[in-house]
Structure formats: C-alpha cells, structure tokens
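Take the sequence shown: its letter number 207 is residue 207 in the working numbering, and every next letter is one higher.
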Amino acid sequence: MSVEYNDIELDLIIKDMTKHIDFDISEYESSMDTMRKVEKTYWQYCCHQPYYPRHTFSQYFKRVCNIFNEEWNYLKNNELKTKYNYYKKNIPTAGAMIHYHTNNGKILMLLVKNTRAKVYSLPKGKQEKNESIQDTAIREVKEETGIDISSYINSDIMLCSSDYSDLDSSINEDDEIKPSMDRYYICKSVIYDVQLHEKIDNFSDYDNEEIEEICWKDTDEILQFPQLFSRQVKTACSILRDKYLLVI
C-alpha cells in the first residue's frame with residue numbers, strides 16, 4: 001500500500017528526480033532526448049512502489065509539465081508527448097527468445113513482466129544510436145535479466161513482428177525490415193548452468209526499474225494459460241515447439 005502524499009510533497013519528490021534534466025525542447029531531436037530522460041525518471045519513480053502513489057506515464061508527465069510550467073509552457077497541450085509516442089513507435093526494437101531443454105523433454109522460455117504490464121513478454125528494448133540491431137538485443141536482455149546472451153544468440157535466425165502482424169516470419173539480417181517492426185533473435189538452446197539460473201532466482205540483485213519479474217516458463221504452461229502471456233510469446237512458443245527446437 002502506498003504512503004499518502006499531498007500534492008506539494010509529491011511534486012517536490014518528482015522535481016528532485018528530474019532536477020538533473022536539461023529541459024531543451026528547442027528542436028525535435030533535443031526534445032525527444034529530453035522526453036527519453038523524463039521517461040527514465042518515470043521508471044525510477046515506479047521502482048519505488050509501493051511507497052509512491054501509482055501513476056501512469058501520462059499522469060507523471062502531466063505533473064512534470066505543471067512543475068516546470070515556465071520552462072515547459074509549450075507542453076500544456078501535450079503536443080510533445082504525442083510526438084514522443086509516435087517517435088517511440090518508430091524506433092526499432094530487438095530482443096531474444098531464450099530457451100533451454102530439460103532432461104525430461106520440457107522446453108522453458110525466459111520471460112519478463114514489466115512493472116506496468118499484465119502479461120509476460122519476451123525481453124526486448126529500443127535500439128540506441130549507432131547500435132546494430134543484434135547489439136540492441138544483447139544489451140536489452142542483459143539490462144532486463146542480467147544475462148549475457150552474446151555466446152548464445154543465433155544471428156542466422158531472426159523473427160519479426162509489428163503492431164499489425166504476428167510473430168510468424170523468419171528473415172535474414174540483410175533483409176529489409178520496416179523500422180517499426182520488432183526483431184527477436186532465436187538463441188541457441190542454453191546449457192543448464194547453476195550460476196545462470198541463480199541469476200534468475202536472485203532477480204532482486206538487478207536494479208531495473210522497468211522489470212517486475214523474470215522467470216522461466218514451461219511452454220506447456222504458456223499454451224495452457226494463454227491469457228497470461230503476450231501475443232509474441234504465444235507465437236514464439238508455438239514456433240519453438242513445432243519448428244525451431246535448436247538443441248546445440
């Protein structure tokens with residue numbers, strides 16, 4: 001249960017969290033960079049749950065606009081937030097389908113649950129400037145799970161999805177792909193390693209504001225309780241079971 005704050009106290013908390021940000025909205029690129037920094041402080045805010053009142057990013061953003069009224073008067077109509085939402089949708093996203101096979105023939109997938117999400121999803125994130133899409137996948141998985149997949153990632157097999165299609169097409173690295181599409185690399189089946197799985201069990205050691213939980217999920221469970229998993233997870237699960245059982 002969250003601690004009760006009045007509006008003044010809560011504004012002081014948020015102002016302190018955002019005090020290091022240079023609120024530069026003079027140009028498109030600088031304004032998008034400012035928004036990325038604001039969103040990062042939002043996830044830090046969420047990380048302090050249940051101590052802070054629950055806010056959506058829109059609610060948090062509105063508070064920031066009100067706090068920095070003089071500097072951000074331009075934002076009163078939420079025009080910048082609208083642009084930022086569009087901007088984020090067109091940043092390529094990359095992640096990985098990490099799995100391993102148990103001795104009794106089960107296939108387990110590594111999944112994450114975001115702080116604000118209701119379902120489990122694949123570990124993934126947005127591409128940064130001057131970063132290859134494969135490096136994005138490696139970095140994001142490391143940030144979200146604590147696991148380095150650089151030795152497991154299979155650069156020859158990649159799946160893509162978008163807001164308008166299922167995760168159902170296999171493509172090569174050189175193939176053209178729309179920027180808005182997500183790319184998921186299929187990792188070679190990881191070898192059971194006690195230290196690797198201890199990292200998962202000790203998730204609290206990782207300081208990631210966006211991730212609430214990481215876990216291994218049996219593909220049987222994913223198919224049995226589909227409402228608990230994202231569309232991409234369910235499709236990836238079917239692909240792993242039917243087509244890409246990569247035991248290497």
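Heads up, the beta-carbon is just placed ideally off N, CA and C, and yes, glycines get one too.
Distance between residue j and residue i (C-alpha atoms, nearest Å)
{"i": "Glu173", "j": "Tyr5", "result": "Reliability fails at Glu173, whose pLDDT of 39 lies under 50, so the model's placement of it is uncertain and the value that follows must be treated cautiously. C-alpha separation (whole angstroms): 50 Å."}
{"i": "Trp43", "j": "Gln127", "result": "18 Å"}
{"i": "Phe57", "j": "Ile14", "result": "13 Å"}
{"i": "Ile107", "j": "Ile239", "result": "12 Å"}
{"i": "Glu29", "j": "Tyr45", "result": "25 Å"}
{"i": "Gln227", "j": "Arg36", "result": "31 Å"}
{"i": "Met1", "j": "Lys124", "result": "Summary for Met1: the model assigns pLDDT 49, below 50, so the residue's position carries little reliability, and this model does not support an answer."}
{"i": "Ile211", "j": "Ser132", "result": "23 Å"}
{"i": "Arg54", "j": "Leu111", "result": "24 Å"}
{"i": "Gln134", "j": "Ile214", "result": "21 Å"}
{"i": "His101", "j": "Phe61", "result": "43 Å"}
{"i": "Cys237", "j": "Ala117", "result": "19 Å"}
{"i": "Asp16", "j": "Ile147", "result": "32 Å"}
{"i": "Lys178", "j": "Asp220", "result": "Annotation note: pLDDT 43 at Lys178 (below 50); position unreliable, coordinate value reported separately. Lys178 and Asp220: Cα-Cα distance of roughly 32 Å."}
{"i": "Gln232", "j": "Ile222", "result": "11 Å"}
{"i": "Lys83", "j": "Asn103", "result": "50 Å"}
{"i": "Arg183", "j": "Ile91", "result": "11 Å"}
{"i": "Glu144", "j": "Asn130", "result": "21 Å"}
{"i": "Ser121", "j": "Ile21", "result": "31 Å"}
{"i": "Lys89", "j": "Arg139", "result": "19 Å"}
{"i": "Val119", "j": "Phe225", "result": "11 Å"}
{"i": "Glu39", "j": "Lys81", "result": "11 Å"}
{"i": "Thr115", "j": "Asp242", "result": "31 Å"}
{"i": "Gln59", "j": "Lys113", "result": "21 Å"}
{"i": "Trp216", "j": "Phe68", "result": "43 Å"}
{"i": "Thr93", "j": "Leu12", "result": "34 Å"}
Close beta carbons around residue i, own chain, < 6 Å, minus the five adjacent residues each side
{"i": "Met32", "result": "Tyr87"}
{"i": "Leu10", "result": "none"}
{"i": "Ala96", "result": "Ala137, Val141, Ile149, Tyr185, Cys187"}
{"i": "Asp24", "result": "Ser30, Thr34"}
{"i": "Thr41", "result": "Met17, Thr18"}
{"i": "Phe229", "result": "Val119, Tyr120, Ile222"}
{"i": "Arg63", "result": "Ile14"}
Counterpart residues of residue i in DSSP-defined beta bridges
{"i": "Gly125", "result": "Ala94"}
{"i": "Lys217", "result": "Met109"}
{"i": "Arg36", "result": "Arg36 pairs with nothing; no bridge assigned."}
{"i": "Phe229", "result": "Tyr120"}
{"i": "Ile153", "result": "Cys187"}
{"i": "Ile211", "result": "Asn114"}
Beta-carbon contacts of residue i that lie in its chain and below 7 Å, excluding the five residues immediately before and after
{"i": "Glu218", "result": "Before going on, a small fix: residue 218 reads as Asp here, not Glu. The residues are Lys106, Leu108."}
{"i": "Asn85", "result": "none"}
Environment of residue i [buried if 16+ CB atoms lie within 10 Å]
{"i": "Ile8", "result": "exposed"}
{"i": "His99", "result": "buried"}
{"i": "Ser331", "result": "The question about residue 331 has no answer, for the chain in this structure spans 1 to 248."}
{"i": "Lys19", "result": "exposed"}
{"i": "Lys234", "result": "buried"}
{"i": "Tyr152", "result": "buried"}
{"i": "Ser165", "result": "Only weak support is given to the placement of Ser165: the predicted model assigns it a pLDDT of 38, under 50, and the question is left unresolved by the model."}
{"i": "Leu167", "result": "Residue confidence for Leu167 is low, a pLDDT of 35 falling below 50, so the modelled location carries little weight and cannot support an answer."}
Contacting residues, own chain, Cβ-Cβ under 8 Å from residue i (five flanking each side not counted)
{"i": "Glu79", "result": "none"}
*Residue ranges of each beta strand (DSSP E) within the segment 51-122, 3 or longer*: 93-97, 99-101, 107-114
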